[in-house]
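Residue numbering for the sequence shown follows the working numbering, beginning at 896 and increasing consecutively.
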Amino acid sequence: MRPPRRVFVTGATGFVGRAVVHALRAHGHVVRCLVRRGSEHDLRGFEAIERVEGDVLAPATLERGMAGCDTVVHLVGIIREHPAAGVTFERIHAEGTVNVLDVAARSGVRRYLHMSALGTRPDARARYHQTKWAAEEAVRSSPLAWTIFRPSVIYGPGDGFVTMLAGMVRRFPVVPVIGSGLQRLQPLPVAQVAEGFARAVELDATVKQGYEVGGPDAVTMIALLDLVGDALGRRRVRKLRVPIGIVWSMARLLHRLPGFPLTPDQLLMLEENSTCDPRRFHAAFGLEPVPLRQGLRAMLG
């Protein structure tokens, strides 16, 4: 049995990050988290971890954080930009990843695990996916022993998507559906994503491999709402189709306002399918696929 690793985690305060930290600790690894000032409270309850204040855009803080670590798990990402604060896809996804890779190589890190996203490709329409691809290209050209994960929708307590859908199903007599609602996605539980990262730390066969990550069930948005309703004990979820042209017009005008739920970039992604063949992921990491109905009932029931 290999000795525990000392793992440096970026994005540890996020929804997926907290689950990954739990999984790494369960495997016996020593975990050090990069924490932005003001987000320390998001790691309450994680007493057996090390915390280092810093930012992926500040290489000096990365050097302090990675000192003595042999593994890096890079999870930092944003779904919404705040250009006035310098928070853009290009800076966080591309520049931030290059900074992490450069410091990791100089610091003697041996293993690097990277969070990307399903749909990432060179000809992507959305800038989110374009910048995730730029980050992947930097990873692939790195001398580190890397592994890339590209997940579809990840769900679990505290997520930003299924929890939102459940809230609408609970509160509203009719739930809005943007466009046709026939776009397909392949949600999977956050615990499976986290376990994949934790197992990859010691799986040499996954080095220099990329994995498309999804659950066993590809469903439309309409079907997902019905499954959420079923998990909540709702016999029927009434839906109202909202023409996507109307949503596009509103998003272009209002997306910079606090609280407006969608940006034009998010709409571009919403128009696409987010599906894959996840069997290679499940087989590589020895994971048993969780049927979507079962996973939603465990989360919401």
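Here a beta-carbon is modelled for each residue, glycine too, at the ideal position from N, C-alpha and C.
List the endpoints of the continuous beta strand (DSSP E) containing His969.
Against the sequence shown, residue 969 aligns to sequence position 74. Looking at the DSSP string, the run of the beta strand (DSSP E) that includes His969 is 966-969.
Give the C-beta separation of Arg1094 and Gly1181 to the nearest angstrom, bearing in mind that I take them to be a contact with Cβ-Cβ under 8 Å.
By one-based count along the sequence shown, residue 1094 stands at place 199. By one-based count along the sequence shown, residue 1181 stands at place 286. Between Gly1181 and Arg1094 the Cβ distance is about 7 Å, and since that is below 8 Å, they are a contact.
In the structure shown, what three-state DSSP assignment does Val1064 receive?
The sequence position of residue 1064 within the sequence shown is 169, counting from 1. Three-state DSSP puts Val1064 in a helix.
Which whole-angstrom value describes the C-beta separation of Val915 and Leu957, a residue pair presumed to lie in contact below a C-beta threshold of 8 Å?
Residue mapping note: residue 915 aligns to position 20 of the sequence shown, counting from 1. Residue mapping note: residue 957 aligns to position 62 of the sequence shown, counting from 1. Not a contact, Cβ separation roughly 18 Å.
Going by C-alpha to C-alpha distance, which of Phe1092, Gly909, Arg913, Gly1014 sits closest to Phe1179?
Numbered from 1 along the sequence shown, position 284 holds the residue referred to as residue 1179. The sequence shown places Ala at residue 1179, rather than the Phe named in the question. Ala1179 has its Cα closest to that of Phe1092, out of Phe1092, Gly909, Arg913, Gly1014.
Which same chain residues end up closer than 7 Å to Thr1163 when comparing Cβ atoms and leaving out the 5 residues on each side of it in sequence?
As a first step, residue 1163 must be located in the sequence shown, where it is residue number 268. First, the residue type needs correcting, since residue 1163 is Leu and not Thr in the sequence shown. Contacts found: Arg1020, Ala1021.
Measuring straight from C-alpha to C-alpha, what distance separates Asp950 and Gly909?
Position 55 of the sequence shown, counting from 1, holds the residue named residue 950. Position 14 of the sequence shown, counting from 1, holds the residue named residue 909. C-alpha separation (whole angstroms): 14 Å.
Name the residue from Pro1084, Ala1030, Arg1066, Glu945 whose alpha carbon lies nearest to the alpha carbon of Gly1051.
By one-based count along the sequence shown, residue 1051 stands at place 156. Among Pro1084, Ala1030, Arg1066, Glu945, the Cα nearest to that of Gly1051 belongs to Pro1084.
Near Gly1105, what residues of its chain come up, given a Cβ to Cβ distance below 7 Å and the 5 sequence neighbours on each side ignored?
Translated into the one-based positions of the sequence shown, residue 1105 becomes position 210. Excluding sequence neighbours, Gly1105 sits near Ile1043, Arg1045.
By a C-beta neighbour count over all protein chains shown, 10 Å radius and 16 as the cutoff for buried, is Ser1036 buried or exposed?
By 1-based counting over the sequence shown, the position of residue 1036 is 141. Exposed, because fewer than 16 other Cβ atoms sit within 10 Å of the Cβ of Ser1036.
Am I right that Asp1112 and Pro1186 are in contact with their C-beta atoms under 8 Å? What's the rounded C-beta distance?
Sequence index remark: in the sequence shown, residue 1112 carries index 217 (1-based). Sequence index remark: in the sequence shown, residue 1186 carries index 291 (1-based). That belief holds up - the Cβ atoms of Asp1112 and Pro1186 are roughly 6 Å apart, short of 8 Å.
Is it true that the stretch 1131-1141 meets the stretch 1060-1069, where meeting means three or more beta-carbon pairs spaced less than 8 Å apart?
The stretch 1131-1141 is in contact with the stretch 1060-1069.
Taking Cβ positions, are Ala962 and Ser1002 nearer each other than 8 Å?
Translated into the one-based positions of the sequence shown, residue 962 becomes position 67. Translated into the one-based positions of the sequence shown, residue 1002 becomes position 107. Cβ distance < 8 Å, so Ala962 and Ser1002 count as in contact.
Near Pro1159, which residues of its chain fall below 8 Å by C-beta distance, leaving aside the five closest residues on each side in sequence?
Mapped onto the sequence shown, residue 1159 falls at position 264. If we look at Pro1159 and ignore the five residues flanking it on each side, its Cβ neighbours are Trp1143, Ala1146, Arg1147, His1150.
Kindly identify the DSSP beta-bridge partner or partners of Tyr1007.
Here residue 1007 refers to the residue found at position 112 of the sequence shown. Answer is Val967, Trp1041.
According to DSSP, what are the bridge partners of Glu1107?
As a first step, residue 1107 must be located in the sequence shown, where it is residue number 212. In DSSP, Glu1107 forms a bridge with Arg1045.
According to the Cβ coordinates, are Ile987 and Gln1161 closer than 8 Å?
As a working mapping, residue 987 is identified with position 92 in the sequence shown. As a working mapping, residue 1161 is identified with position 266 in the sequence shown. No, the Cβ-Cβ distance between Ile987 and Gln1161 is not below 8 Å.
So, Arg900 versus Val1096, is the Cβ gap smaller than 8 Å?
Here residue 900 refers to the residue found at position 5 when the sequence shown is read from its first residue. Here residue 1096 refers to the residue found at position 201 when the sequence shown is read from its first residue. Contact: yes.
Measure from the alpha carbon of Pro978 to the alpha carbon of each residue in Leu1152, Arg913, Glu1183, Leu1195, then state which is nearest.
Stepping through the sequence shown from its first residue, residue 978 is reached at position 83. That would be Leu1152, whose Cα lies nearest to the Cα of Pro978.
Excluding sequence positions up to five away, which residues of its chain have a Cβ less than 8 Å from the Cβ of Arg959?
Looking up residue 959 in the sequence shown gives position 64. Closer than 8 Å at the Cβ level, and outside the excluded window around Arg959, lie Val947, Gly949.
Closest to Met1197 by C-alpha separation, out of Gly1154, Ser1169, Asp1054, would be which residue?
Residue 1197 is absent from the model: the chain starts at 896 and stops at 1196.
Hey, Val998 and Pro954: beta-carbon distance below 8 Å or not?
Numbered from its first residue, the sequence shown carries residue 998 at position 103. Numbered from its first residue, the sequence shown carries residue 954 at position 59. Yes. Within cutoff.
Tell me, which residues are paired with Phe903 by DSSP?
Translated into positions along the sequence shown, residue 903 becomes position 8. Its beta-bridge partners are Arg927, Val967.
What is the DSSP secondary structure of Pro1084, reduced to helix, strand or coil?
Against the sequence shown, residue 1084 aligns to sequence position 189. Three-state DSSP puts Pro1084 in a strand.
Can you tell me where the alpha helix (DSSP H) with Arg920 in it begins and where it stops?
Counting from one through the sequence shown, the residue named residue 920 turns up at place 25. Where Arg920 is concerned, the enclosing alpha helix (DSSP H) stretches over 910-921.
Quick check: what's the CA-CA separation for Leu1120 versus Val1064?
Your numbering for residue 1120 matches position 225 in the sequence shown. Your numbering for residue 1064 matches position 169 in the sequence shown. Answer to the nearest angstrom: the Cα atoms are 8 Å apart.
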